[in-house]
Each structure stands twice: as C-alpha cells, then as structure tokens.
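Worksheet: the structure to be examined is printed underneath.
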Amino acid sequence: MHCYIRCVAFHVLFVSGTAGQETCERKNSVYYNHRCFEVIHEDQSWSKARFYCENQGGHLAAIDDKDTDDFIKQMLLKGARGDVWIGALSRKRWFWADTNREIGWTSWAVHEPNDAGGQEDRVALWKDFNYEWNDERADTTYLHRWDADGREIHGIKSNAVCEYEGQTCSPTIPKTCVYIAGVGSCYCLNADLSDDRKGYTWGQANAMCTSTGARLAHVDNRATMDALIRQIQNVSREQWQFGGNYWIGAVWNRTAPFKWIWETGGKVNYSNWLNSPQMNPSIIQAAKLAFKQDFMWMSESITSMHHFICQFGMV
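Numbers 846 to 1160, taken from this note's numbering, label the letters of the sequence shown in order.
Now the structure itself:
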C-alpha cells in the first residue's frame, strides 16, 4: 500500500510529582503501561520517521499485545489524519527495529502482509482498516490509495452493510435498521449522505462496522437475503439516498484454496450470485448487493464505493 505517513513515537517514561504518579515529559505524549506514546504529525518515510523519533530520545513504537494495540488505535481514532508508521521491519521474518526482537503478536488487516511489488518490508497502521497492520515500502510518504483494478494505488469508496449479532434493534437505533429473528441479529443500512455521495470502499465499510461493535453483514440463507432486500426497498422509498449497491462481508480469498470467505475467516456457504464471479489473482474483490440487478450478488474490486450493511449482536 502507499501511505501518507505519520509515526507513533515511543518515549522514555518520566516520573514526577507525588510518589507513584506517572506522567510523560513531552506534553503531547500519552502514558500507558509504563510507556509514553506520541503521534508525530509529519509526512515522512519510515527511515526519516525512525530518525526523528530516535533524535527526540524515543523510537518508533513496538506493539507487543492486543491491549497496547487497542490503546494506540484509540489514540489514533481521536486525532490521526492518515496511516501511521510503527517500528516493525522485515528480514524474511518480522522484527522490532529498536531491539531486533522477533515479533510475536500481530494485528494484520485482511490479506496482509502481501509484500506488493516485492518491496513492502515495513509496517504502517492502516486508517481505512481501523488501524490494522499493513506492510509497506520504507520510502512511502503518500496517502494510501488503490486503482480501479484493486491494486494499491488509488482508493475508491463503496457503501456497506454492518451486522450486529445476538441483539434486537434498540429503540434508539435508526429506522434504517431491521431485526431478523431467524438470525438473532440487527442489520443496519449505512449510506454516504454527504453532498458528493461517493460512498465507501469495502475496507472503510469494514472498519466502520467493527468500530461500532458490529461486522459487515453475513447473509447465510435466502430468508435473510429477502429480509435485507425488503429493508433496502422500504428505506430507499422514504429516503432516496439509501438506494444503491451495498457491501456485505464476503471477500475473495486470494490465497489457497481461492474461495469466498466472510471477513471473519468463515466459509461462505450460501450465495446469490448474478453471474459466476470472474476472478483475477491480482485484484482483491468483495461481494456487493447490486441495486439494479434486484440485489443479486456481484463481485467488485474492494476499492469501489458503495453503501454498506452492519450486523450487530453476533453470537
């Protein structure tokens, strides 16, 4: 991927004030578990980011567990404007640059690391995928984009459907949501209501669903498919902006055995394809509900822009 990169710096803890009170010396740093983290808002390559951090007495952040990863993600969600470098690098295996320790815990985005072009040997936290990990070229300083064929150059957006499992729809949830009793989940339609109405890429849709405790919708049978079609038709009659294609959670597994899977890794057993998908190993594709084809499934590059459905209450 190509990124507009910042870095997460790790600085030495500074203890001051009342005994036991732990604070960070740098005013923009945030304390967590005996370490201080700071987001550096500079557009620079991995090497320059590393030099900057070390020149300030720190180093690019090392993330050793889920709790630290979650903490940094929350930091970034509050203020980062793009993808963010961390201190991982590859020498056939992945290591932390500050200590040369081999990396034991990871949080890769779907289909990553992929070493696109054979040169991706550093790691950035990927904003479009809820700051999951992505391998990247060390000299990259650009905003991440895909091209129209799904290659990582220029991004396109799509709508999406998030699925919330194991719960009914709360009275406070918008009328764009519907509870499907046979599944035990609440499904909510999401559309880009801005003036340009570009929609969301599959990756953005997936990140938006997971950030609210949901997932992109799983459609496991005809009854669920019919219920979602009725909901889209009903909502779009009242709010025309909701008419359009919708991402769901099905994505093509480019690695063996080259089958369709849900974004959570499970096999897609039910499908409703308009035509048999024609797959290209160089393009990552996901499934959309096609508005002009009676919501039959169609495969499309994950860089396309559509609405999406979130599913809440998964069990």
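Virtual Cβ for every residue (Gly too), placed ideally from N, Cα, C.
Residue from the options whose Cα sits closest to the Cα of residue i
i	options	result
Val-968	Arg-938, Leu-934 and Ser-952	Leu-934
Glu-1145	Asn-1114, Lys-937, Gly-1094 and Cys-881	Gly-1094
Asn-1125	Lys-1133, Met-1143, Trp-1097 and Thr-1148	Trp-1097
Asn-1035	Met-920, Phe-1157 and Trp-891	Phe-1157
Trp-1142	Leu-1119, Ser-1127 and Ile-1129	Leu-1119
Trp-950	Phe-916, Leu-922 and Asp-909	Asp-909
Tyr-877	Trp-891, Ile-885, Thr-913 and Lys-893	Thr-913
Lys-1112	Asn-1079, Gln-1078, Ser-874 and Asp-1065	Asp-1065
Gln-840	Asn-945, Lys-937, Arg-946 and Ser-952	Outside the modelled stretch of the chain, which goes from 846 to 1160, sits residue 840, for which no answer is possible.
Tyr-1115	Ser-1121, Asp-966, Phe-916 and Arg-1067	Arg-1067
Ser-1030	Ile-1154, Ser-1127 and Val-875	Ile-1154
Thr-1021	Ser-1127, Thr-1109, Gln-1084 and Lys-911	Gln-1084
Ser-952	Lys-911, Lys-1043, Ser-1121 and Gln-901	Lys-911
Lys-923	Val-875, Gln-901 and Asp-966	Val-875
Residue i - containing beta strand (DSSP E), residue span
i	result
His-981	Inspection of the sequence shows that residue 981 is occupied by Glu rather than by His. Taken as a continuous stretch (DSSP letters only), the beta strand (DSSP E) holding Glu-981 covers 977-981.
Arg-936	928-936
Gln-1078	No beta strand (DSSP E) contains Gln-1078, which is instead part of the alpha helix (DSSP H) from 1067-1083.
Lys-1133	1130-1135
Trp-1092	1091-1097
Gln-1156	1152-1157
Val-968	967-971
Val-884	880-885
Tyr-876	875-877
Met-1143	1141-1146
His-904	903-905
Asn-1035	1030-1035
Cys-869	Looking at the DSSP string, Cys-869 is not in any beta strand (DSSP E), and its letter there is neither H nor E.
Tyr-1024	1022-1025
Ile-1106	1105-1107
Same chain, Cβ closer than 7 Å to residue i, neighbours up to 5 away in sequence not counted
i	result
Trp-941	Ala-907, Gly-932, Ala-933 and Ile-948
His-956	Arg-1099 and Ile-1129
Phe-1136	Gly-1088, Gly-1089 and Asn-1090
Ile-1074	Phe-1140
Ala-1072	Val-1023 and Ile-1025
Arg-946	Phe-940
Gly-995	Its pLDDT being 43, under 50, Gly-995 is placed unreliably by the model, and the measurement read from it follows with that caveat. Here the set comprises Ile-1128, Ile-1129, Gln-1130, Ser-1146, Ile-1147 and Thr-1148.
Integer Cβ distance of residue i from residue j, believed to fall under 8 Å
i	j	result
Asp-980	Gln-1049	So it is not a contact: roughly 19 Å between Cβ atoms.
Glu-977	Ala-954	4 Å
Cys-869	Cys-881	4 Å
His-1063	Trp-1107	5 Å
Arg-871	Glu-883	6 Å
Ala-1052	Asn-975	4 Å
Ile-1025	Thr-1057	No, Ile-1025 and Thr-1057 are not in contact; Cβ-Cβ is about 18 Å, not under 8 Å.
Gln-1078	Leu-1038	18 Å between Cβ atoms; not a contact.
Trp-939	Leu-905	Wrong, their Cβ atoms sit about 13 Å apart, outside the cutoff.
Alpha-carbon to alpha-carbon, residue j and residue i
i	j	result
Arg-1099	Gln-1123	13 Å
Trp-1047	Trp-1105	15 Å
Gly-927	Gln-889	12 Å
His-1152	His-879	42 Å
Lys-1133	Arg-982	31 Å
Thr-1148	Tyr-1045	8 Å
Leu-970	Arg-1060	20 Å
Thr-944	Gly-903	12 Å
Val-1080	Ala-1131	24 Å
His-886	Lys-918	15 Å
Thr-1055	Asp-915	13 Å
Asn-873	Met-1150	36 Å
Gly-1027	Asn-1117	18 Å
Glu-1008	Gln-901	Its pLDDT being 45, under 50, Glu-1008 is placed unreliably by the model, and the measurement read from it follows with that caveat. Going by the C-alpha atoms only, they are around 44 Å apart.
Leu-921	Asp-966	22 Å
Gln-1138	Ser-1121	14 Å
Cys-1127	Gly-1110	At residue 1127 the sequence reads Ser, which differs from the Cys that was named. So the alpha carbons of these two residues sit roughly 20 Å apart.
Sequence-distant residues of the same chain with beta carbon closer than 6 Å to residue i, five excluded per side
i	result
Val-1023	Tyr-1032 and Gln-1076
Boundaries of the alpha helix (DSSP H) in which residue i is found, first to last residue
i	result
Ala-1052	1047-1056
Same chain only: Cβ atoms within 8 Å of residue i, ignoring 5 sequence neighbours per side
i	result
Ser-892	Ala-983 and Asp-984
Arg-1082	none
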